[in-house]
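Peer 1:
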């Protein structure tokens with residue numbers, strides 16, 4: 017007899033006082049169809065309870081796995097905001113960008129004058145299939161030139177704004193937490209939408225059956 021069979025046999029014997037009495041009656045030969053039927057039903061109930069306990073345990077394990085997966089997904093979605101190496105890369109990019117913008121601002125007047133002057137020079141050779149796209153490019157360039165002064169002023173203000181490292185780190189951590197929270201809200205809303213859709217489908221099917 018295996019350990020599983022001994023455990024099941026033990027649970028059958030000691031599940032309830034009435035079942036123990038029926039076991040004793042069966043051993044001394046005082047059994048009939050009713051007591052045998054009752055004993056088999058009790059044994060089936062014990063098996064069902066054990067199966068439900070296993071299902072509940074599996075459900076708890078599944079919820080833990082889903083929770084870990086959600087944490088991993090949230091960590092990946094905010095990786096570029098909280099990882100030190102990624103932050104260093106972004107700081108370097110901002111530094112290079114700031115230096116480039118500073119050179120543009122220092123030569124702003126010369127740049128605007130050159131952009132406003134008509135182009136004089138050799139013809140630009142463009143393939144026929146690109147003529148239409150190139151013609152559409154000029155209105156966009158004009159709009160960019162018109163807003164260039166405003167953009168340069170905004171960039172100059174951004175450059176003059178002082179970001180403290182400690183303050184920036186705290187703000188980044190708050191942003192990552194908020195992103196994770198809204199990610200969980202989004203997942204919950206998706207599950208609610210799916211549940212409502214399933215309910216609507218079931219109601220539609222029931223209405224169709226009622227008409228038939």
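In the working numbering, the protein residues as written are 17 to 228.
Using N, Cα and C, we set each Cβ at its ideal position, and we do this for glycine too.
Only a predicted model underlies this, so the values are computations on that prediction, with no experimental measurement involved.
Whole angstroms is fine: what's the gap from residue 158's alpha carbon to residue 129's?
Peer 2: Here residue 158 is taken as the residue at index 142 of the chain shown, counted from 1. Here residue 129 is taken as the residue at index 113 of the chain shown, counted from 1. Approximately 14 Å between the Cα atoms of the pair.
Peer 1: Could you work out which residue in 200, 108, 170 and 216 is closest to residue 257 when comparing CA atoms only?
Peer 2: Because the chain is modelled from 17 through 228, residue 257 falls outside the range shown and cannot be assessed.
Peer 1: Would you call the region 113-130 in contact with the region 165-174, where contact means no fewer than 3 C-beta pairs closer than 8 Å?
Peer 2: These segments touch.
Peer 1: Could you give the distance in angstroms between the alpha-carbon of residue 31 and the alpha-carbon of residue 189?
Peer 2: For the purposes of this step, residue 31 is taken as the residue at position 15 of the chain shown. For the purposes of this step, residue 189 is taken as the residue at position 173 of the chain shown. At residue 31, the pLDDT of 48 sits below 50, so the modelled position is not reliable and the matter cannot be decided from this model.
Peer 1: Quick check: residue 121 and residue 172, are their CB atoms within less than 8 Å of each other?
Peer 2: Here residue 121 is taken as the residue at index 105 of the chain shown, counted from 1. Here residue 172 is taken as the residue at index 156 of the chain shown, counted from 1. Cβ atoms of residue 121 and residue 172: closer than 8 Å.
Peer 1: My assumption, with CB atoms under 8 Å, is that residue 150 sits in contact with residue 161. Please give the rounded CB distance.
Peer 2: Here residue 150 refers to the residue found at position 134 of the chain shown. Here residue 161 refers to the residue found at position 145 of the chain shown. About 17 Å; that fails the 8 Å criterion.
Peer 1: Taking only the alpha-carbon atoms, compute the straight-line gap between residue 203 and residue 217 and give it to the nearest angstrom.
Peer 2: As a position in the chain shown, residue 203 is number 187, starting the count at 1. As a position in the chain shown, residue 217 is number 201, starting the count at 1. If you take the alpha carbons of residue 203 and residue 217, they lie about 21 Å apart.
Peer 1: Between the alpha carbons of residue 57 and residue 208, how many angstroms are there, rounded?
Peer 2: Counting from 1 along the chain shown, the entry for residue 57 is found at position 41. Counting from 1 along the chain shown, the entry for residue 208 is found at position 192. For residue 57, the predicted structure reports a pLDDT of 49, less than 50, and the residue's modelled location is therefore unreliable. A value from the coordinates is still provided. Looking at the two C-alpha atoms, the distance is approximately 40 Å.
Peer 1: With DSSP collapsed to three states, give me the class of residue 142.
Peer 2: One-based indexing of the chain shown puts residue 142 at position 126. Coil, per DSSP.
Peer 1: Using the C-alpha atoms, what's the distance from residue 101 back to residue 205?
Peer 2: As a first step, residue 205 is located in the chain shown; it is residue number 189 there, counting from the start. As a first step, residue 101 is located in the chain shown; it is residue number 85 there, counting from the start. So the two alpha carbons sit approximately 34 Å from each other.
Peer 1: According to DSSP, is residue 56 helix, strand or coil?
Peer 2: The residue labelled residue 56 in the question sits at position 40 within the chain shown. Note that residue 56 has pLDDT 49, beneath the 50 cutoff, so the model's placement of it is unreliable and no number is given.
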